[in-house]
Ligand code: PEP
Ligand code: MG
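Numbering (the UniProt record's numbering), first residue to last: 255 to 576.
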């Protein structure tokens with residue numbers, strides 16, 4: 255089965271009705287680029303930079319960060335590389351030296367909230383990212399946004415980093431695209447403020463499901479309730495994808511849902527054209543894309559989105575594959 259899949263490495267992910275889908279990879283360190291190249295992915299949809307900060311006492315300085323980001327961008331000079339600013343906190347906490355005791359970490363100072371609370375640390379990363387941007391098609395992505403002022407503060411900090419680099423005569427891409435993750439229900443329900451300020455969106459279904467269903471993604475006791483096919487989750491995902499299409503805003507999904515072949519046809523039918531996943535899932539997802547007819551899927555998926563019983567949704571999603 256695996257060798258049959260391996261033969262798809264050089265095949266483009268084109269649907270039966272001729273639409274080419276972008277299959278991108280999620281990575282955690284520059285070392286993951288070997289696997290990305292093996293499967294010939296269309297780019298990096300999510301580089302989780304927080305792994306550079308975790309499990310150590312001394313945080314990486316600008317130079318160390320620059321080298322890591324540059325290595326990834328240079329490994330894919332002619333393809334998009336989306337680097338996410340550090341998503342620290344909750345299940346990805348810093349070592350004890352830096353950590354705080356929080357009553358409710360998933361609802362606390364994590365991701366962009368943490369970054370904005372540590373502006374010096376954030377600025378250092380933004381400088382390193384901007385410096386790496388000259389080596390390819392890099393874009394910056396911000397996790398866990400919910401408020402317009404978080405976007406505005408982040409954009410102001412990026413402008414500050416740019417001004418510093420300009421004054422120091424250090425090169426960077428002036429037009430580096432800045433995008434945001436949609437992973438809080440409030441964000442998916444108030445997309446206008448994201449679309450007006452940002453260049454692209456990426457749906458983080460792992461957190462979007464956690465926050466929509468109020469289920470801790472790391473708690474085994476409630477894992478059976480963690481369901482991507484809950485009608486409320488599907489409405490938020492589909493609404494984000496269609497708003498992106500309406501406003502000409504690129505949208506991807508970079509949560510686990512994008513790498514699970516059970517959901518490929520459903521997401522394609524919602525209009526998704528950019529999937530980002532672990533490198534080991536790329537060929538299996540490509541196999542699903544190759545058998546998909548978007549013209550047939552779209553109306554079927556519209557009917558699924560009107561259903562409000564999980565069992566019926568599940569059955570209808572399984573029928574998409576027949
Ligand atoms: C997500 O939440 O879906 C996501 C891609 O981010 P992470 O899993 O790193 O929180
Ligand atoms: Mg997330």
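Think of the CB as a built atom: it goes at the ideal place given N, C-alpha and C, for glycine as much as any other residue.
Run through DSSP, which three-state label would residue i get?
i, result
"residue 456", "strand"
"residue 392", "strand"
"residue 301", "strand"
"residue 482", "coil"
"residue 511", "helix"
"residue 358", "coil"
"residue 561", "coil"
"residue 343", "strand"
"residue 426", "coil"
"residue 337", "strand"
"residue 467", "helix"
"residue 549", "helix"
"residue 432", "strand"
"residue 529", "strand"
"residue 278", "strand"
"residue 487", "helix"
"residue 283", "coil"
"residue 312", "coil"
"residue 268", "strand"
"residue 293", "coil"
Report back the beta-carbon spacing between residue i and residue j to the nearest angstrom; my notes put them in contact at under 8 Å.
i, j, result
"residue 287", "residue 322", "With 8 Å as the limit, residue 287 and residue 322 do not qualify as a contact, their Cβ atoms being about 11 Å apart."
"residue 530", "residue 313", "Incorrect: roughly 26 Å between the Cβ atoms, too far for contact."
"residue 465", "residue 439", "6 Å"
"residue 303", "residue 338", "6 Å"
"residue 571", "residue 520", "5 Å"
"residue 432", "residue 409", "7 Å"
"residue 393", "residue 340", "No, residue 393 and residue 340 are not in contact; Cβ-Cβ is about 16 Å, not under 8 Å."
"residue 558", "residue 507", "Not a contact, Cβ separation roughly 16 Å."
Let me confirm a value: residue i is counted as buried when at least 16 other C-beta atoms fall within 10 Å, else exposed. Which label applies?
i, result
"residue 482", "buried"
"residue 424", "exposed"
"residue 560", "exposed"
"residue 265", "exposed"
"residue 260", "exposed"
"residue 332", "exposed"
"residue 280", "buried"
"residue 257", "exposed"
"residue 513", "buried"
"residue 459", "buried"
"residue 299", "buried"
"residue 565", "exposed"
"residue 267", "buried"
In chain order, what residues of the same chain lie with their CB nearer than 8 Å to the CB of residue i, ignoring the 5 residues before and after it?
i, result
"residue 547", "269, 270 and 271"
"residue 426", "384, 385, 387, 388, 416 and 419"
"residue 462", "436, 437, 438, 439, 442, 487, 490, 491 and 509"
"residue 405", "396, 399, 434, 447, 448, 451 and 452"
"residue 518", "529, 539, 542, 543 and 546"
Would you verify that the beta carbon of residue i is, or is not, closer than 7 Å to some beta carbon of chain B?
i, result
"residue 438", "Absent here is chain B; the protein component of the structure consists of one chain."
Taking only the alpha-carbon atoms, compute the straight-line gap between residue i and residue j and give it to the nearest angstrom.
i, j, result
"residue 451", "residue 401", "11 Å"
"residue 319", "residue 568", "43 Å"
"residue 412", "residue 575", "44 Å"
"residue 366", "residue 540", "32 Å"
"residue 403", "residue 376", "16 Å"
"residue 291", "residue 334", "14 Å"
"residue 327", "residue 336", "9 Å"
"residue 363", "residue 493", "27 Å"
"residue 421", "residue 515", "49 Å"
"residue 473", "residue 414", "39 Å"
"residue 391", "residue 455", "16 Å"
"residue 555", "residue 255", "29 Å"
"residue 296", "residue 374", "34 Å"
"residue 573", "residue 311", "51 Å"
"residue 301", "residue 273", "26 Å"
"residue 370", "residue 549", "44 Å"
"residue 428", "residue 289", "31 Å"
"residue 358", "residue 372", "19 Å"
"residue 355", "residue 407", "25 Å"
Report all residues from its chain with a CB closer than 7 Å to the CB of residue i; omit the five preceding and five following residues, and keep chain order.
i, result
"residue 479", "467 and 469"
"residue 382", "316, 319, 320 and 323"
"residue 293", "263, 533, 536 and 537"
"residue 348", "307, 308 and 342"
"residue 562", "485"
Output needed for residue i: all residues of its chain with C-beta closer than 6 Å, excluding positions within five of it in sequence on either side, in chain order.
i, result
"residue 495", "505, 524, 525 and 526"
"residue 497", "445"
"residue 360", "344"
"residue 346", "304"
"residue 276", "296 and 528"
"residue 475", "none"
"residue 499", "525"
"residue 511", "459, 482 and 517"
Would you say residue i touches the ligand MN, meaning its beta carbon is less than 6 Å from a heavy atom?
i, result
"residue 473", "Within the structure as shown, the ligand MN is missing, the only ligands being the ligand PEP and the ligand MG."
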